[in-house]
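Working notes for the structure below.
Protein chains: 2
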Amino acid sequence: MSNFHGLDSITLNPGDDLPPLAPGTIRLYNMRFCPYAERSVLYLAKKNIPVEVVNVNLVNKPKWLLEKNPLGKVPTLEHDGKVVYESAVVNEYLDEIFPESSVLPKDPYERAHQKILVERLSSIPTALYGVVRSTPETRDAAVEAIKKALANADSLLTDDFYGGKSTGFADLSIWPFLERLGLFALRPELNLGEVPSKENKKLIAYIERMKQQPEVKAAMRPIDQHAAF
Amino acid sequence: MSNFHGLDSITLNPGDDLPPLAPGTIRLYNMRFCPYAERSVLYLAKKNIPVEVVNVNLVNKPKWLLEKNPLGKVPTLEHDGKVVYESAVVNEYLDEIFPESSVLPKDPYERAHQKILVERLSSIPTALYGVVRSTPETRDAAVEAIKKALANADSLLTDDFYGGKSTGFADLSIWPFLERLGLFALRPELNLGEVPSKENKKLIAYIERMKQQPEVKAAMRPIDQHAAF
Chain A
1 MSNFHGLDSI
11 TLNPGDDLPP
21 LAPGTIRLYN
31 MRFCPYAERS
41 VLYLAKKNIP
51 VEVVNVNLVN
61 KPKWLLEKNP
71 LGKVPTLEHD
81 GKVVYESAVV
91 NEYLDEIFPE
101 SSVLPKDPYE
111 RAHQKILVER
121 LSSIPTALYG
131 VVRSTPETRD
141 AAVEAIKKAL
151 ANADSLLTDD
161 FYGGKSTGFA
171 DLSIWPFLER
181 LGLFALRPEL
191 NLGEVPSKEN
201 KKLIAYIERM
211 KQQPEVKAAM
221 RPIDQHAAF
Chain B
1 MSNFHGLDSI
11 TLNPGDDLPP
21 LAPGTIRLYN
31 MRFCPYAERS
41 VLYLAKKNIP
51 VEVVNVNLVN
61 KPKWLLEKNP
71 LGKVPTLEHD
81 GKVVYESAVV
91 NEYLDEIFPE
101 SSVLPKDPYE
111 RAHQKILVER
121 LSSIPTALYG
131 VVRSTPETRD
141 AAVEAIKKAL
151 ANADSLLTDD
161 FYGGKSTGFA
171 DLSIWPFLER
181 LGLFALRPEL
191 NLGEVPSKEN
201 KKLIAYIERM
211 KQQPEVKAAM
221 RPIDQHAAF
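In order, the protein sequences belong to chains A and B.
According to UniProt numbering, the first sequence is numbered sequentially starting from 1.
According to UniProt numbering, the second sequence is numbered sequentially starting from 1.
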């Protein structure tokens, strides 16, 4: 049985009531196509924490979302009157309140290195948004940036996963962006060719390996749904 | 006696040898005017950790810096063959290896909130760089952004410090940027008026309070030095 309740529930809009939150229940404010929120969905799946998901409209935000999180962003976590947001903060917090299923390693140096990997892989999200927002004038540079970011990610893979022999903090942080690379195949006008390119051998094998992980199966959505969004 | 050795040592350039690092010594690769590196200088000062500082040229980077940290940035921490970088990662790591002087609170929710505050105050660094890089065309929007960011910082002050009754993780993270606000007074062409403005009463009192903290006294530099840089 899934640890999620309401992962595909309808999106709530301004004017919709905030559903009551039962004591002891952990709630995740989510948007089904937000890669940052997906980082916490993946984390909750991997840790197998029972959670109630409330999907919200991020273009027109319900007032109660802004009352919980003044930045009005997802993921936002709430339980027993406590509200935590920002994907990295939420995931680290989940490890601290549920240490028995900690995804981050206990060793300070190894912990630091998972966070450093997130930083070193952050050229992927930056380049991905760069391509999406590119104009005909800036397209070549944006395409170059995503290819460079993926080659860098390929070079950083020294084991099955960025976390070693199993998925870790960095894997669950970068995956939502790799999942969305398939969107580029639907936009031939970008002239991107294959992303990742055939040369990114380790990264290609990694993506296939990731798709077999239970937490990825629980969180990922078909590329046509992303495209429709 | 200061916990720092070499905080004002000469800047090392490409071609300069990497000074040998003695076993057990903690080294901080630093640039004297980098606000991100200053976050870790403040942290090391507050925790009173003996540290050897190596100042590096970030425009022309010594090759050995890039070998330690492929991103070529500061702060970079090294001890006993372990290298950690990115200011937030370095500071959290320092708390983990020296827990007796932890700046971050032990409680997971309070810890999370210090990190959330850093995020909520991040409009200040963004706006500060926005003003510095503004052109005559974008200047009005950049000035508006810094005023808004400072009003937001003022509204978030609910105690003596963002950390409560004493300085915490968020205070030491935002201070380097507040320290540099004085640079604007030296650029009347920006037409910024006073920053923070007289209405940001809590923030003005906070800045004066921060200047009295031992770690701030250890780390801050006169504004004319920043300006000369």
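All C-beta atoms, glycine included, are put in the ideal place defined by N, C-alpha and C.
- Within the same chain, and ignoring the five residues on either side of Ala151 (chain A) in sequence, the residues whose Cβ sits closer than 7 Å to its Cβ are Asn200.
- At a cut-off of 8 Å, the C-beta of Val84 (chain A) has a neighbouring C-beta in chain B.
- Contact check for Cys34 (chain B) against Val89 (chain B) fails: the beta carbons are separated by 8 Å or more.
- In the DSSP annotation of this structure, the continuous segment of the beta strand (DSSP E) that includes Val51 (chain B) starts and ends at Val51 to Asn55.
- Here the alpha carbons of Glu137 (chain B) and Glu144 (chain B) stand approximately 13 Å from one another.
- Of the candidates B:Val56, B:Lys46 and B:Lys47, the residue whose Cα lies closest to the Cα of Asp16 (chain B) is B:Val56.
- Residue contact check for Lys115 (chain A) against chain B: a CB pair falls below 8 Å.
- Going by C-alpha positions, Leu192 (chain A) is about 29 Å away from Ser87 (chain A).
- Annotation: Val103 (chain A) has no Cβ neighbours in chain B at a cutoff of 7 Å; minimum Cβ distance is about 15 Å.
- Taking a 10 Å sphere around the C-beta of His113 (chain A), we find 16 or more other C-beta atoms and assign the residue as buried.
- For Ile97 (chain A), the residues of chain B that pass the 7 Å Cβ criterion are Pro108, in the order they occur in the chain.
- The residues Gly130, Val131 and Ser134, in chain order, have a CB closer than 6 Å to that of Ala142 (chain A) in the same chain once the five nearest residues on each side in sequence are set aside.
- In the structure shown, Thr76 (chain B) adopts extended strand secondary structure according to DSSP, grouped into three states.
- Taking Asp154 (chain A) as reference, the option from A:Gly182, A:Leu172, A:Arg39 and A:Ser197 with the minimal CA-CA separation is A:Ser197.
- Assigned with DSSP and collapsed to three states, Phe161 (chain A) falls in strand.
- Think of a sphere of 8 Å around the beta carbon of Arg39 (chain B): no beta carbon from chain A falls inside it, the nearest being about 15 Å out.
- Annotated three-state conformation of Val195 (chain B) is coil, per DSSP.
- Among the CB atoms of chain B, one or more fall inside 8 Å of the CB of Leu71 (chain A).
- Taking the C-beta atoms as reference points, Asn3 (chain A) is found no nearer than 8 Å to Val54 (chain A).
- Counting only the Cα atoms, Val103 (chain A) lies some 21 Å from Thr25 (chain A).
- For Ala145 (chain B), no Cβ of chain A is located within less than 8 Å of the residue's own Cβ.
- Within the stretch 116-137 of chain B, contact with chain A at the beta-carbon level (separation under 8 Å) is assigned to Ile116, Glu119 and Arg120.
- Around Ala112 (chain B), the beta-carbon contacts reaching into chain A at under 7 Å are Val84, Val89 and Tyr93.
- In this structure, the CA atom of Gly72 (chain A) is about 19 Å from the CA atom of Tyr109 (chain B).
- In the DSSP assignment, Val103 (chain B) falls outside any beta strand (DSSP E), carrying neither H nor E.
- Annotated as distal: Ile174 (chain B) and Leu128 (chain B), with beta-carbon spacing of 8 Å or more.
- Bounds of the beta strand (DSSP E) holding Asn30 (chain B) are Arg27 to Asn30.
- Contact between Val83 (chain B) and Tyr93 (chain B) is absent: CB atoms are separated by about 11 Å, not below the 8 Å threshold.
- Between Leu190 (chain B) and Ile124 (chain B), the alpha-carbon positions lie close to 17 Å from each other.
- Contact between Leu28 (chain A) and Leu66 (chain A) does not hold, since the beta-carbon distance rounds to 17 Å and is not under 8 Å.
- Take the alpha-carbon of Glu208 (chain A) and the one of Val216 (chain A): they are about 11 Å apart.
- Looking at the DSSP output, His5 (chain B) sits in a beta bridge with B:Glu52.
- Under DSSP, Val83 (chain B) shares a beta bridge with B:Glu78.
- Leu186 (chain B) carries a helical assignment under DSSP once its states are collapsed to helix, strand and coil.
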